[in-house]
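Protein chains in written order, with this note's numbering: chain A, 1 to 223; chain B, 224 to 479; chain C, 480 to 709.
Where a beta carbon is used, it is the ideal one built from N, C-alpha and C, also for glycine.
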Amino acid sequence: MQWTDYLPSLMQGAWVTIQLTLYSTLLGAVAAFVFGIGKLSRNWALRGVSIAYIEVFRGTSLLVQLFWLYFALPLAGDALGLDLRLPPVLAGVLALGLNIGAYGAEVVRGAIQSVHSDQHEAARALNFSERQTLFGITIPQAIPEMMPSFGNLAVQNLKDTALVSLISLGDLTFRAEQIRNFTQESTTIYTMLLFMYFGMALVLTALMRLLERFVGRWRLAGN
Amino acid sequence: MNDPIIKFEKVVKRFGDLTVLDELDFEVRKGEKVSIIGPSGSGKSTVLRILMTLEPIDGGMVTVCGEPLWHEQGPNGLQPAGEAHLRKMRAQLGMVFQQFNLFPHMSVLRNITEAPVKVLGLSRAEAQARGEELLELVGLADQADKYPHQLSGGQQQRVGIARALAMRPSILLFDEPTSALDPELVGEVLTVIGRLAEEHDLTMLLVTHEMRFAREISDRVCFFDKGRICEEGTPEELFTDPKEDRTREFLKAVLD
Amino acid sequence: MLFGFEWDLSSPLAFAISILPILLLGLWVTIQATVVGFFVALVLGLVFAVLKAAPSRFIAWPARLLTEFIRDTPLLVQLFFLYYVLPEYGIVLPAFLTGALALGLQYSAYTSEVYRAGIEAVSRDQHEAARALNLPAARTFTHVVVPQAIPRIVPAMGNYLVSIMKDVPVLSVVTVLEMLNVAKIIGDRTFNYLIPLSMVGGLYLIMTLVASAGVRLLDRQLPKQGLPLK
Numbered sequence: 001m002q003w004t005d006y007l008p009s010l011m012q013g014a015w016v017t018i019q020l021t022l023y024s025t026l027l028g029a030v031a032a033f034v035f036g037i038g039k040l041s042r043n044w045a046l047r048g049v050s051i052a053y054i055e056v057f058r059g060t061s062l063l064v065q066l067f068w069l070y071f072a073l074p075l076a077g078d079a080l081g082l083d084l085r086l087p088p089v090l091a092g093v094l095a096l097g098l099n100i101g102a103y104g105a106e107v108v109r110g111a112i113q114s115v116h117s118d119q120h121e122a123a124r125a126l127n128f129s130e131r132q133t134l135f136g137i138t139i140p141q142a143i144p145e146m147m148p149s150f151g152n153l154a155v156q157n158l159k160d161t162a163l164v165s166l167i168s169l170g171d172l173t174f175r176a177e178q179i180r181n182f183t184q185e186s187t188t189i190y191t192m193l194l195f196m197y198f199g200m201a202l203v204l205t206a207l208m209r210l211l212e213r214f215v216g217r218w219r220l221a222g223n
Numbered sequence: 224m225n226d227p228i229i230k231f232e233k234v235v236k237r238f239g240d241l242t243v244l245d246e247l248d249f250e251v252r253k254g255e256k257v258s259i260i261g262p263s264g265s266g267k268s269t270v271l272r273i274l275m276t277l278e279p280i281d282g283g284m285v286t287v288c289g290e291p292l293w294h295e296q297g298p299n300g301l302q303p304a305g306e307a308h309l310r311k312m313r314a315q316l317g318m319v320f321q322q323f324n325l326f327p328h329m330s331v332l333r334n335i336t337e338a339p340v341k342v343l344g345l346s347r348a349e350a351q352a353r354g355e356e357l358l359e360l361v362g363l364a365d366q367a368d369k370y371p372h373q374l375s376g377g378q379q380q381r382v383g384i385a386r387a388l389a390m391r392p393s394i395l396l397f398d399e400p401t402s403a404l405d406p407e408l409v410g411e412v413l414t415v416i417g418r419l420a421e422e423h424d425l426t427m428l429l430v431t432h433e434m435r436f437a438r439e440i441s442d443r444v445c446f447f448d449k450g451r452i453c454e455e456g457t458p459e460e461l462f463t464d465p466k467e468d469r470t471r472e473f474l475k476a477v478l479d
Numbered sequence: 480m481l482f483g484f485e486w487d488l489s490s491p492l493a494f495a496i497s498i499l500p501i502l503l504l505g506l507w508v509t510i511q512a513t514v515v516g517f518f519v520a521l522v523l524g525l526v527f528a529v530l531k532a533a534p535s536r537f538i539a540w541p542a543r544l545l546t547e548f549i550r551d552t553p554l555l556v557q558l559f560f561l562y563y564v565l566p567e568y569g570i571v572l573p574a575f576l577t578g579a580l581a582l583g584l585q586y587s588a589y590t591s592e593v594y595r596a597g598i599e600a601v602s603r604d605q606h607e608a609a610r611a612l613n614l615p616a617a618r619t620f621t622h623v624v625v626p627q628a629i630p631r632i633v634p635a636m637g638n639y640l641v642s643i644m645k646d647v648p649v650l651s652v653v654t655v656l657e658m659l660n661v662a663k664i665i666g667d668r669t670f671n672y673l674i675p676l677s678m679v680g681g682l683y684l685i686m687t688l689v690a691s692a693g694v695r696l697l698d699r700q701l702p703k704q705g706l707p708l709k
């Protein structure tokens with residue numbers, strides 16, 4: 001077989017990879033903000049849950065988390081009388097999203113804390129409420145600070161999607177493995193695979209840089 | 224009628240082991256323009272920060288417009304003030320900061336209109352009208368759509384003054400408003416403050432090192448030293464004929 | 480039965496206790512893989528850092544492209560590549576070494592950056608002062624730059640050590656019997672995945688906390704201005 005014959009199947013796999021990356025990165029972003037802000041909350045319950053979430057998902061291996069959600073969670077559900085069997089897609093998106101979200105939460109927290117206290121004082125002097133200050137003053141200034149790290153995390157997430165092939169989800173790596181099992185053309189397949197991931201990573205990096213410029217446009221005003 | 228608009232009674236403020244305000248007694252009458260001068264660490268800025276509810280007090284009582292600031296009436300008498308009470312009291316005060324502290328992600332006009340809209344509930348249109356008026360007042364009408372980083376320090380500070388005025392406070396606090404400015408930009412800010420002093424019956428507290436300016440616009444000058452008022456009086460009294468040695472020493476050092 | 484240990488299915492607690500020794504054996508493999516992988520990453524990263532800093536463009540640019548390529552492609556795919564492709568060219572390594580090599584390769588892209596950043600962070604003034612004192616270039620490097628770069632490099636490397644440990648389970652796909660693989664085998668045979676996988680999660684958490692604390696301790700012990708030279 002010619003290497004070009006592999007392309008249709010691989011492209012289908014690539015599309016799955018892209019969707020997985022998209023959904024899990026979105027989930028991760030939401031988790032990052034919720035728990036990153038939560039860790040700074042005065043409410044001890046929210047703070048505790050946030051710290052626990054961050055420590056658990058940063059402190060354990062992604063593959064362990066994935067396998068746990070796919071293999072172990074249903075059994076926990078049985079014990080509780082609930083049907084917690086997750087289809088591979090859901091287990092994959094959840095594991096990836098929650099994992100990247102924990103790292104993202106620390107980025108969010110760090111960026112929020114980096115906003116100078118002078119800004120909080122000015123907001124307080126103008127009698128903004130704490131919530132108004134957080135969402136109207138602090139977060140808009142923190143977001144441009146987060147973007148470089150978020151860019152790295154997004155690419156990391158893209159790479160991590162390859163692991164879902166291990167729970168039989170039909171992503172790019174899974175398709176490649178199927179072809180390799182059939183044709184034994186290891187060198188060709190894996191080289192193509194590496195280049196396809198590299199290409200996707202470059203595109204993703206470019207997109208994240210665009211996003212970075214968009215959220216920081218007030219910094220560039222007048223130039 | 225003659226009750227002071229601001230009253231500090233035996234106020235104590237400590238930072239760790241350092242006592243910054245040492246049972247301070249201090250009064251300001253409505254409409255008075257008071258300048259506060261003194262060496263660094265004498266507690267001048269702390270007085271303003273306590274009034275603006277940026278720092279709590281460790282002892283004594285602060286009263287603004289007749290009501291306690293850092294205390295509120297509870298079921299069992301006075302207790303430390305909660306956030307709701309502080310927010311109510313804060314509405315009467317405004318502050319102009321040494322480092323301007325403008326919001327960098329908002330345009331000049333938005334910096335001025337954001338609080339009136341979000342806090343006072345004005346409509347965007349009303350707030351914008353008020354904002355444009357104030358920009359006229361401080362001489363920056365054509366900079367409305369610029370961002371703070373595009374303005375000079377003097378311009379930023381004038382925006383800061385407009386932003387504070389937009390909330391229509393009864394008391395305006397100036398914390399070393401020109402200390403962070405290049406010398407040639409100081410004048411434009413002092414002009415605005417001077418005009419405010421003359422044309423409005425706003426109560427103004429000004430912490431400053433600009434002695435000549437303090438002398439020109441103040442009704443009263445207070446010299447702070449080591450957390451207490453060492454001497455106070457009208458500008459003529461304090462500047463030409465200081466009674467305390469410490470005052471004399473300080474004035475000699477800064478005016479030479 | 481695995482590694483010579485029987486498991487006890489009479490109760491959840493008995494089960495957990497009986498598989499603990501098996502999991503710990505898997506953990507030992509995990510630790511070994513981590514250490515070897517880290518060592519490879521340190522050495523290979525240094526090689527890449529030197530290549531990237533080469534004055535000749537023909538050396539530096541390909542090196543930069545290669546590290547970027549390694550950085551932007553998944554560990555799993557790199558592992559498959561090494562595991563299936565190397566034998567076709569006559570290089571047959573045991574699975575464990577292939578895995579450790581893949582780990583080291585992936586992380587060498589990151590460690591080379593740490594070397595570069597650590598050295599560049601030693602301020603230019605230091606170089607100028609050394610030049611004014613007429614220190615030869617090699618001595619400047621070993622006695623001025625390196626002692627100051629090390630306190631900056633060590634914490635970052637320590638963090639990558641912890642990351643490598645969390646990536647070791649990927650090696651299970653090439654049959655390396657690290658902790659997750661062991662747990663999965665137990666689960667496959669007993670249909671009880673919940674206890675083994677949860678225990679693995681717990682063990683990982685403990686390992687990560689211990690390792691991170693160790694890195695922090697080391698960071699505190701290192702003087703910030705540089706290693707003292709007598």
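Ranking 18(A), 210(A) and 94(A) by CA distance to the CA of residue 31(A) puts 94(A) first. Taking a beta-carbon distance threshold of 8 angstroms, residue 136(A) counts as an interface residue toward chain B.
Taking C-beta atoms as the reference points, residue 661(C) and residue 516(C) fail to come closer than 8 angstroms.
Beta-carbon to beta-carbon, residue 560(C) and residue 190(A) are separated by about 4 angstroms, close enough to satisfy the 8 angstroms threshold. Taking a cut-off of 8 angstroms on C-beta distances, the stretch 635–649 of chain C touches the stretch 516–525 of chain C, as three or more cross pairs fall below it.
Around the beta-carbon of residue 44(A), fewer than 16 other beta-carbon atoms lie within 10 Å, marking it exposed. Contact annotation: residue 498(C) and residue 648(C) have beta-carbon atoms that are not nearer than 8 angstroms.
Beyond the five residues adjoining it in sequence on each side, residue 283(B) comes within less than 6 angstroms, by CB distance, of 232, 233, 234 and 235 in the same chain, given in chain order. In the DSSP assignment, residue 4(A) falls within the alpha helix (DSSP H) that extends over 3–38.
Going by DSSP, residue 315(B) is part of no alpha helix (DSSP H) at all; its letter is neither H nor E. Residue 238(B): member of the beta strand (DSSP E) spanning 229–238, first to last residue. By the 16-neighbour rule on beta-carbons within 10 angstroms, residue 681(C) is exposed.
Look at the stretch 87–172 of chain A and you find these whole runs of alpha helix (DSSP H), each 4 residues long or longer: 88–114, 117–125 and 139–160. Taking all protein chains in view, the Cβ of residue 174(A) is crowded by 16 or more other Cβ atoms within 10 Å, so the residue is classified as buried. Ranked by Cα distance from residue 304(B), the options 290(B), 434(B) and 315(B) are led by 290(B). One thing to note: residue 461(B) has its Cβ within 8 angstroms of the Cβ of residue 446(B). With respect to residue 564(C), residue 193(A) sits apart: the two C-beta atoms are not nearer than 8 angstroms.
Cβ-Cβ separation between residue 325(B) and residue 376(B): approximately 11 angstroms, too far for a contact (criterion under 8 angstroms). For residue 638(C), the nearest beta carbon of chain A is not closer than 8 angstroms to its own beta carbon. At a cut-off of 8 angstroms, the C-beta of residue 541(C) has no neighbouring C-beta in chain A. Between the stretch 379–397 of chain B and the stretch 269–278 of chain B, the count of C-beta pairs closer than 8 angstroms reaches three or more; the two stretches touch. About 12 angstroms separates the CB atoms of residue 436(B) and residue 419(B); that is not less than 8 angstroms, and the two are not in contact. Assignment of alpha helix (DSSP H) within the stretch 560–605 of chain C, counting only whole runs of 4 or more residues, yields 574–600 in chain order. As the crow flies, the alpha-carbon of residue 439(B) is around 13 angstroms from that of residue 463(B). At a cut-off of 8 angstroms between C-beta atoms, residue 318(B) counts as an interface residue with respect to chain A. Secondary structure at residue 252(B): coil, using DSSP grouped into helix, strand and coil.
Burial state of residue 531(C) is buried, judged by a 10 Å Cβ sphere holding 16 or more other Cβ atoms. CA-CA distance, residue 201(A) to residue 263(B), rounds to 55 angstroms. In this structure, 623(C) is the residue among 607(C), 623(C), 574(C) and 578(C) with its C-alpha nearest to the C-alpha of residue 597(C). In this structure, the CA atom of residue 511(C) is about 29 angstroms from the CA atom of residue 492(C). Residue 459(B) and residue 252(B) have their C-alpha atoms some 19 angstroms from each other. In this structure, residue 314(B) and residue 127(A) form a Cβ contact; the two beta carbons are roughly 6 angstroms apart against a cut-off of 8 angstroms.
Beta-carbon to beta-carbon, residue 40(A) and residue 112(A) are separated by about 6 angstroms, close enough to satisfy the 8 angstroms threshold.
Close to residue 181(A), with beta-carbon spacing below 8 angstroms, lies no residue of chain B; the smallest spacing is near 54 angstroms.
With 16 or more other Cβ atoms inside 10 Å of its own Cβ, residue 415(B) counts as buried. Counting only residues of its own chain and dropping the five nearest sequence neighbours on each side, residue 433(B) has a CB closer than 8 angstroms to the CB of 401, 409 and 413.
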